[in-house]
Amino acid sequence: MSSTASAEAVVVTASDRLEVLFGELAELAGQRNAIDGRIVEIVAEIDRDGLCGVTGARSVPALVAWKLGCSSANAHTLATIAARLGEFPRCTAGLREGRLSADQVGVIAARAGQGSDEHYAQLAAVATVSQLRTAVKLEPRPEPEPRSESESESEPRPETEPERSITTTATEWGACYRIMLGHLDAAKFDAALASHREALIAEWKHDHANGEGSSDQRPPLPSTVDAFMRLVEAGWDAEATRRPHGQHTTVVAHLDVGQRAATLHLGPLLSDPNAAC
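Numbering (my numbering), first residue to last: 1140 to 1416.
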């Protein structure tokens, strides 16, 4: 009597596949973290011995971005960790061992206070980057030591109002504007922005007063960005009304002088006051 050996079909579930893939991700992440830890040590040595000036790079982060081909943000993260390598030995050890990522240690090195290495080394083992950012923001800051009356009178007082400035940073998707205003100018700006936002909301309520259509079909309430753009457009319109030819507009008119109707348009097309603008 012959016997037939039959092998049972192996069924691989989605959970089994994910377990294998997650294991490979963990291994690769640990290797990448260990590589970043060694890179941080190299950057710290270059910075400590002043070797950056030999390369011609304008800064250590610029050198890191150049040699690694990484973004400016990643280069600043690695340079920040390297600058505080001695202050956070446990955190950087976790980076070298692959347990912590450069993003986690970078958040700690950027803003954490001195003497907090052990605390954040334990926290980073179970916290995400966003949670670490929140923890660092909530960290109590040391209060400045009170000065004596003689020191406060002799030292010049800092300027109460910062210098007004507007800086622009171009990105792949658009531009980022950073506006610095004093308290008085900031109050004016906030009041103007609030006024335009209230006007937009009033227009929105007027257009949708009857509640026609479902809520999904209605446009969203005007945001602060909408109010800012309305403020810009209003200022632009006011300037265009005051100086209609401030943009150096050139008017080209083609007239048929043989037609009697063309005689109405002969001569200067603009009045003297408008032409002088």
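Even for Gly, the Cβ is constructed at its ideal location relative to N, Cα and C.
In summary, Tyr1316 is exposed, with fewer than 16 beta-carbon neighbours lying within 10 Å of its beta-carbon over all protein chains present.
Contact between the segment 1359-1373 and the segment 1335-1343 is present: 3 or more CB-CB pairs across the two stretches fall below 8 Å.
In this structure, the straight-line span from the alpha carbon of Phe1161 to that of Ala1153 is close to 12 Å. Residue state for Cys1209 is assigned as coil, using DSSP reduced to three classes. Contact between Leu1202 and Thr1194 holds: CB atoms are separated by about 6 Å, below the 8 Å threshold. Counting every other CB atom within 10 Å of its CB across the protein chains shown gives Gly1176 a total of 16 or more, marking it as buried. Ala1309 carries a strand assignment under DSSP once its states are collapsed to helix, strand and coil. Nearest Cα to Gln1253 within the set Arg1238, Arg1381, Pro1228: Pro1228.
Each residue's CA atom was taken as its position, placing Gly1225 and Glu1311 some 36 Å apart. Taking a 10 Å sphere around the C-beta of Gln1243, we find 16 or more other C-beta atoms and assign the residue as buried.
One alpha carbon belongs to Val1179, the other to Ala1221, and they sit about 5 Å apart. DSSP places Arg1336 in the helix class (H, G or I) of the three-state scheme. With a 10 Å radius around the Cβ and a threshold of 16 neighbouring Cβ atoms, His1215 comes out buried. Counting the other CB atoms within 10 Å of its CB gives Thr1380 a total below 16, which places it among the exposed residues. If you check the CB distance, Leu1217 and Asn1172 do not come in under 8 Å. If the five residues before and after Pro1200 are omitted, its C-beta is found closer than 6 Å to the C-beta atoms of Ala1214, His1215, Ala1218, all from its own chain and listed in chain order. Taking C-beta atoms as the reference points, Leu1262 and Ala1274 count as a pair closer than 8 Å.
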